[in-house]
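S.K.: One structure is given below, represented as C-alpha cells, and several questions about it will come after.
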Amino acid sequence: MSAMNRCLNGALLGAALSFSFFLTTENALAGGDVSLPRLFSDNMVLQEGMSAPVWGWGEDGTEVTVRFRGQTVSTRVAGGKWMVRLRDLKPGGPDTLTIIAGNRIEIKNVLVGEVWLAGGQSNMEFPLRQSFEASNDIASASNPMIRVMRVAHARSESPTNDINASWSEASPESVAGISAVAYYCVRDLQAKMHVPFGLIESDWGGTPAEAWMDDKALRANPDYEIGIIKQGSLDEARFDQSLEKFQKERQAAKESNTTFTQRAPRRPWMPSELYNGMIAPLIPYAIRGALWYQGESNANSPEQAEQYHHLFADLIRNWRSLWSEGEFPFLLVQLAPYKPIQHEPRESAWASLREAQLQAAQKLHNVGMAVITDVGEQNNIHPTHKKPVGDRLALAARALAYHETVEYSGPIYKQMKIKGSHIILTFDHAASGLEARDGDLTGFAIAGGDGKFFWALADIKGNTVVVHSPLAPEPVAVRYGWADYPVVNLWNKAGLPASPFRTDDFAR
C-alpha cells in the first residue's frame, strides 16, 4: 500500500484535513466569498511590534478588506490566495478583526501581544495535568491575558495550508492538556511583562528532528539526501511490505476462525511529514520566537547523535528562513538525564546529543538553552518536574527576546589550561560565582594521551574549576557530565546548573 493511499484512507491525517478544507474553500468561493485558515479564530493573539500577516483564499479578482483597530488594508485575490499585513500593533485588546469581501467575517476577542511557538516531541507534548504537583497551577489557570492553541497531529506528504485547531482563553479546562513546559514558560513571562501572550503548541511524541524540517532544506544537503531521505524511502518500503503481510495473515486468521494476536507494524516517521502537516500551515503567522524540546528520538545510536550536530542547527536555520522574520529567538531544552547511572566513564549517545544542542546554542545567534541536569529520572524518559524547565526557558526569553539584564544560563565551558598534573577550566556565565550543590563537585572525568578517562577530583577556585587525578598524571582532556544520566552538581550562584561538556574530540 503506497503512502498516498494510506493518506486517502485517513492514515495521513494532515493531508486528509487539507483535502477536506479545499472542498470547503471551493464552496466558499462562490459569489466572491473568502475564507481563512483556522489559525485565525476567536480568542487569537496577534504579534505586537512587527508586520502581522492575515491571509486566506478566494476567487481571483475578489477585493478583500481587513479592518482592525482603525487600520483598513485592502488587496485582491490572486492565484486563489490573498494576504494583507497589519502594522505597528500595540499590546492590548480585546478587539474584533473584520474581513470583508463577498462575505463578512468577524473574529472576536482578539488580543495583541507576544506569540510563541512550542515544538518538539513527547517532553514538550507532556501535558500540564501530568506534571509534578500541577493541581494548583491548573486550578488557578484562568487568565484572559493568555491564549493557547494546540495543533492536532497531522502527517502529510506535501505542505498543507490549514490545521485542526482553534484558540482558547487560558482556563483550568483549556490548559490541563497543554504542554506543561511551554505553559510554565509563557505564564511566567506574562506575569512579568503584563502583556497578552499567545502559545501555539505543535508537537508529537517520539518524533525525530528531520520530520519537522522542510523537504527542500533536507535535499539541499547531500549527506541528508543520501542518509535521511534515502533511509526514509527504505523504511517506508519495508513498512509497506510488513503491513501487507500483516493484513494477509490477519485475514487468513479471520477466515479460519483462529485467534490472531499479532500487532500491526508501526509506520516509521518520514522526513518532512510533520513539517508539512503541522508547521507549514502556521507560516507566516507572526511569532516572537520558538520553544523546542526534542532530541531523544535522534539519540538512538552514536551515528544519529553525531548527525544531530549538523541537523539541529539546520532545523533552526530552516525555520528562521521560512518565517522570514530574521534570527528570531529559538529557545531549546537540553536532554534530561535518563537511563541507569554508569559507575565508570564511558561513551554516550545522549551525551553527544546534548553536546550538539550546546553547540547550536553557542554558534547560532539568538539561541538559548535550558539545562536540566537536576530534573531527570533514571527509569522515566518523561521526567515530571516541568516547572523548572519552563522557568529556565522564560529566563532565556527575558534575556534574548526581551533584552533584560538577567542571567539566563548556567556555567558554559569556555577554555582549559594544563598546569602540570592539573587542568584549569574557565566558564562563561560564571560572573556571579560558581558553587557545588550538595557536597563536593561530582561528574568530572580526566584523561591522558591514551584517551582513557577516570573519575577526577575537582575543586572550585574563584571562577575556575581545577581538575586532577593520580590516575592521569599527564592530563590532556576533561569531561563533565558525559553520560546518559550525568550525576553532576556544578552551578552558578544565579541558581542555574552547568551544561555537560568535553574538551576533547576523541570519539569524533
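For the sequence shown, position 12 matches number 14 in our numbering, and the numbering has no gaps at all.
Backbone N, C-alpha and C fix where the C-beta goes; we use that ideal spot for every residue, glycine too.
Only counting the same chain, and skipping five residues up and downstream in sequence, which positions put a Cβ closer than 7 Å to that of E127?
M.R.: Numbered from its first residue, the sequence shown carries residue 127 at position 125. Taken in chain order, the residues that qualify are S181, D205, W206, G207.
S.K.: With three or more beta-carbon pairs closer than 8 Å as the criterion, would you say the region 350-357 touches the region 253-268?
M.R.: As far as the Cβ criterion goes, the region 350-357 does not touch the region 253-268, which means the pair count is below three.
S.K.: First and last residue of the beta strand (DSSP E) that includes S76?
M.R.: The residue labelled residue 76 in the question sits at position 74 within the sequence shown. Here the beta strand (DSSP E) through S76 covers 73-78.
S.K.: How long is the line joining the alpha carbons of K250 and R268, rounded to whole angstroms?
M.R.: One-based indexing of the sequence shown puts residue 250 at position 248. One-based indexing of the sequence shown puts residue 268 at position 266. So the two alpha carbons sit approximately 16 Å from each other.
S.K.: For W169, which three-state DSSP category applies?
M.R.: Sequence index remark: in the sequence shown, residue 169 carries index 167 (1-based). Residue state, collapsed to three classes: coil.
S.K.: Mind checking whether N45 and E171 have CB atoms under 7 Å apart?
M.R.: Translated into the one-based positions of the sequence shown, residue 45 becomes position 43. Translated into the one-based positions of the sequence shown, residue 171 becomes position 169. Result yes, Cβ atoms of N45 and E171 sit closer than 7 Å.
S.K.: Alpha carbon to alpha carbon, how far is A458 from I448?
M.R.: Within the sequence shown, numbered from 1, the residue matching residue 458 stands at position 456. Within the sequence shown, numbered from 1, the residue matching residue 448 stands at position 446. When rounded, the distance between both Cα atoms is 6 Å.
S.K.: Of all the options L473, H424, K421, Y482, which has the alpha carbon lying nearest to the alpha carbon of Y415?
M.R.: Here residue 415 refers to the residue found at position 413 of the sequence shown. It is Y482 whose Cα lies nearest to the Cα of Y415.
S.K.: Could you tell me if Q123 is buried or exposed, where buried requires 16 or more neighbouring beta carbons within 10 angstroms of its beta carbon?
M.R.: In the sequence shown, residue 123 corresponds to position 121, counting from 1. So Q123 counts as buried.
S.K.: Taking all protein chains shown into account, decide if P475 is buried (16 or more other Cβ within 10 angstroms of its Cβ) or exposed.
M.R.: Numbered from its first residue, the sequence shown carries residue 475 at position 473. P475 is exposed by the Cβ-count criterion.
S.K.: So, using beta-carbon positions, are L245 and W294 closer together than 7 Å?
M.R.: Along the sequence shown, read from residue 1 onward, the residue named residue 245 stands at position 243. Along the sequence shown, read from residue 1 onward, the residue named residue 294 stands at position 292. No, these two residues do not count as a Cβ contact at 7 Å.
S.K.: Identify the residues that DSSP records as bridge partners of R504: which are they?
M.R.: Translated into positions along the sequence shown, residue 504 becomes position 502. Per DSSP, R481.
S.K.: Taking the alpha-carbon positions, what's the E227 to A282 distance?
M.R.: Taking the sequence shown and counting its residues from 1, one reaches residue 227 at position 225. Taking the sequence shown and counting its residues from 1, one reaches residue 282 at position 280. If you take the alpha carbons of E227 and A282, they lie about 21 Å apart.
S.K.: Please work out which residues of its chain come closer than 8 Å, Cβ to Cβ, to V86, disregarding the five sequence neighbours upstream and downstream, and give them in chain order.
M.R.: What you label residue 86 is simply residue 84 of the sequence shown in a count that begins at 1. The residues are P55, V56, W57, V66, V68, V75, S76, T77.
S.K.: Do S434 and F456 have their beta-carbon atoms positioned less than 7 Å apart in this structure?
M.R.: Working through the sequence shown from its first residue, we reach residue 456 at position 454. Working through the sequence shown from its first residue, we reach residue 434 at position 432. Against a cut-off of 7 Å, the Cβ pair of S434 and F456 comes out as no contact.
S.K.: According to the neighbour-count rule (16 or more other Cβ atoms, all chains shown, within 10 Å of its Cβ), is F332 buried or exposed?
M.R.: Your numbering for residue 332 matches position 330 in the sequence shown. Buried, because 16 or more other Cβ atoms sit within 10 Å of the Cβ of F332.
S.K.: Could you check the C-alpha separation between R348 and Y310 for me, to the nearest Å?
M.R.: Residue mapping note: residue 348 aligns to position 346 of the sequence shown, counting from 1. Residue mapping note: residue 310 aligns to position 308 of the sequence shown, counting from 1. In a straight line, the C-alpha of R348 is about 20 Å away from that of Y310.
S.K.: Taking all protein chains shown into account, decide if R394 is buried (16 or more other Cβ within 10 angstroms of its Cβ) or exposed.
M.R.: Taking the sequence shown and counting its residues from 1, the one referred to as residue 394 is at position 392. Under this definition R394 is a buried residue.
S.K.: Which partner residues does L201 have in the DSSP bridge list?
M.R.: If you number the sequence shown from 1, residue 201 lands on position 199. Partner(s): W118, V150.
S.K.: Ignoring anything shorter than 3 residues, give me the beta strand (DSSP E) runs that lie fully in the region 47-107, in order along the chain.
M.R.: Taking only runs of at least 3 residues, the beta strand (DSSP E) segments lying wholly in the region 47-107 are 47-49, 54-60, 65-70, 73-78, 83-88, 94-102.
S.K.: At which residues does the beta strand (DSSP E) containing F314 begin and terminate?
M.R.: In the sequence shown, residue 314 corresponds to position 312, counting from 1. Premise fails: F314 lies in the alpha helix (DSSP H), 304-325, not in any beta strand (DSSP E).
S.K.: Between the alpha carbons of E357 and N494, how many angstroms are there, rounded?
M.R.: Translated into the one-based positions of the sequence shown, residue 357 becomes position 355. Translated into the one-based positions of the sequence shown, residue 494 becomes position 492. Cα-Cα distance, rounded: 19 Å.
S.K.: Run the proximity test for A474: is its beta-carbon closer than 6 Å to any non-hydrogen atom belonging to the ligand FMN?
M.R.: Here there are no bound small molecules, and the ligand FMN is not part of this structure.
S.K.: Could you give the uninterrupted runs of the beta strand (DSSP E) lying entirely in the region 187-264, keeping only those of 3 residues or more?
M.R.: 199-205, all fully within the region 187-264.
S.K.: Could you say which of G453, P477, V468, G445 lies nearest to P488 if we only look at CA atoms?
M.R.: On the sequence shown, residue 488 is found 486 positions in, with the first residue counted as 1. When each option's Cα is compared against that of P488, the closest is G445.
S.K.: Express the C-alpha separation of I202 and H384 in angstroms, rounding to a whole number.
M.R.: In the sequence shown, residue 384 corresponds to position 382, counting from 1. In the sequence shown, residue 202 corresponds to position 200, counting from 1. The straight-line gap from Cα to Cα measures roughly 21 Å.
S.K.: Beta carbon of I148, beta carbon of Q192: below 7 Å?
M.R.: Position 146 of the sequence shown, counted from the first residue, corresponds to residue 148. Position 190 of the sequence shown, counted from the first residue, corresponds to residue 192. A contact, by the Cβ cut-off of 7 Å.
S.K.: Kindly indicate which three-state DSSP category A30 falls into: helix, strand or coil?
M.R.: The residue labelled residue 30 in the question sits at position 28 within the sequence shown. Legend: pLDDT at A30 = 41, less than 50; position of this residue unreliable, value from coordinates given subsequently. Looking at A30 - three-state DSSP - the assignment turns out to be helix.
S.K.: How should N491 be labelled, buried or exposed, when 16 other C-beta atoms within 10 angstroms of its C-beta is the threshold for buried?
M.R.: As a first step, residue 491 is located in the sequence shown; it is residue number 489 there, counting from the start. Buried, because 16 or more other Cβ atoms sit within 10 Å of the Cβ of N491.
S.K.: Considering Q417, what are the terminal residues of the beta strand (DSSP E) in which it resides?
M.R.: Within the sequence shown, the letter at position 415 stands for residue 417. Its beta strand (DSSP E) spans residues 414-421.
S.K.: Determine contact between the region 335-344 and the region 371-381, defined as no fewer than three beta-carbon pairs at a distance below 8 Å.
M.R.: A contact exists between the region 335-344 and the region 371-381.
S.K.: Do you know how far the Cα of G82 is from the Cα of N381?
M.R.: In the sequence shown, residue 381 corresponds to position 379, counting from 1. In the sequence shown, residue 82 corresponds to position 80, counting from 1. If I take the Cα positions, the gap works out to 52 Å.
S.K.: In terms of DSSP beta bridges, what is A372 paired with?
M.R.: For the purposes of this step, residue 372 is identified with residue 370 of the sequence shown, where counting begins at 1. In DSSP, A372 forms a bridge with V335.
S.K.: Pick from G328, I318, S323: whose alpha carbon is nearest that of Q359?
M.R.: In the sequence shown, the residue the question calls residue 359 occupies position 357. Nearest of G328, I318, S323 to Q359, Cα basis: I318.
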